[in-house]
Amino acid sequence: MNDSAPAAPAPPPSPRVRTSDRFVAYVYQVCASTQARAALRRGLGLPVERCTYMHRYLVPWLRDHDDQHYGDVRRAYYAAAALIAARPRSARDTTPDQDTPMSWYERPNLGASLGQAVAKGVLKENSAESALHLMARQSSDAIHPGLPALVRQLLSGGIPIDWAVLLEDLAWWNRSRDRIATRWLESYFRTASTTNPALADSAEENDR
36 MNDSAPAAPA
46 PPPSPRVRTS
56 DRFVAYVYQV
66 CASTQARAAL
76 RRGLGLPVER
86 CTYMHRYLVP
96 WLRDHDDQHY
106 GDVRRAYYAA
116 AALIAARPRS
126 ARDTTPDQDT
136 PMSWYERPNL
146 GASLGQAVAK
156 GVLKENSAES
166 ALHLMARQSS
176 DAIHPGLPAL
186 VRQLLSGGIP
196 IDWAVLLEDL
206 AWWNRSRDRI
216 ATRWLESYFR
226 TASTTNPALA
236 DSAEENDR
């Protein structure tokens with residue numbers, strides 16, 4: 036008779052960390068240096084060709100971790116790095132969570148962050164919806180210059196941003212804009228504490 040205790044089941048394998056999450060963690064480490072953070076911040080809203088000071092920090096990482104076939108992908112990496120570096124002081128104490136149990140599509144995208152901003156009174160409902168509908172009609176080249184101001188407003192109001200999700204959405208935007216924009220809008224309306232649509236429609240009719 037074998038009195039030995041049965042072996043404990045092996046823990047489930049941890050999900051593979053996405054390249055975008057590894058990049059965000061790397062940028063957080065780089066931003067520990069004031070000089071490096073300032074260099075990355077200089078690329079806010081700019082195309083890669085004008086991000087001279089960022090190459091020192093990003094080119095080696097991208098060479099070793101990602102094979103860039105599209106200019107949109109490279110610009111998304113540069114944009115995410117600049118936005119992270121430009122976080123207001125109040126948002127610098129946060130750390131990226133690479134071990135979230137949520138599936139990728141359950142993680143908050145920009146639409147969800149805007150919805151949180153409306154629910155918490157950081158943004159007005161009309162402003163947030165207008166921004167989303169405008170971006171849904173634009174190419175990534177038009178979106179990038181406006182992101183720094185929008186992101187700073189969210190972060191200053193205590194609204195978190197999932198940088199890895201934003202990075203991948205920007206990278207795929209020109210190839211899958213309708214799909215990504217729909218996901219942003221759906222997330223926004225699920226998250227925002229909006230007024231009753233029927234009452235809003237009634238008020239609109241009365242104003243005509």
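Position one of the sequence shown corresponds to residue 36 (the working numbering), numbered consecutively onward.
Where is the CB? At the ideal position from N, CA and C, for every residue including glycine.
| Which of the three DSSP states, helix, strand or coil, is assigned to A60? | Helix at A60.
| task | Indicate whether R76 and A114 have their beta-carbon atoms separated by less than 7 Å. | result | Taking 7 Å as the Cβ cut-off, R76 and A114 do not qualify as a contacting pair.
| field | Closest residue to N209 among A116, G106 and G181 (Cα-Cα distance) | value | Relative to the Cα of N209, the nearest Cα in the group A116, G106 and G181 belongs to G106.
| field | Alpha-carbon spacing of Q173 relative to P180, whole angstroms | value | C-alpha separation (whole angstroms): 12 Å.
| task | Just the C-alpha distance for A60 and D99, rounded to the nearest angstrom, thanks. | result | For A60 and D99, the distance between alpha carbons rounds to 15 Å.
| said: So the candidates are D213, Y63 and L81; which of them puts its Cα closest to the Cα of P183? | reply: Out of D213, Y63 and L81, L81 has the C-alpha closest to the C-alpha of P183.
| Rounded Cβ spacing between W207 and L167 (contact assumed at less than 8 Å) | By a beta-carbon distance limit of 8 Å, W207 does not contact L167. Their separation comes to about 17 Å.
| field | Residue environment, N161, which counts as buried when at least 16 other CB atoms sit within 10 Å | value | The C-beta of N161 has fewer than 16 other C-beta atoms within 10 Å across all chains shown, which makes the residue exposed.
| query | Which full runs of the alpha helix (DSSP H) of 4+ residues lie inside the segment 60 to 132, going along the chain? | reply | As far as the segment 60 to 132 is concerned, its whole alpha helix (DSSP H) runs of at least 4 residues are 69 to 76, 90 to 100 and 106 to 120.
| query | Using 7 Å as the limit for Cβ to Cβ distance, is E203 near chain C? | reply | In summary, chain C is missing from the structure at hand, where a single protein chain is found.
| said: Let's test the definition: count the other Cβ atoms within 10 Å of the Cβ of Q70 and tell me whether it reaches 16, buried, or not, exposed. | reply: Result: exposed.
| said: Mapping the DSSP letters down to three states, classify R172 as helix, strand or coil. | reply: Secondary structure of R172 (DSSP, three-state): coil.
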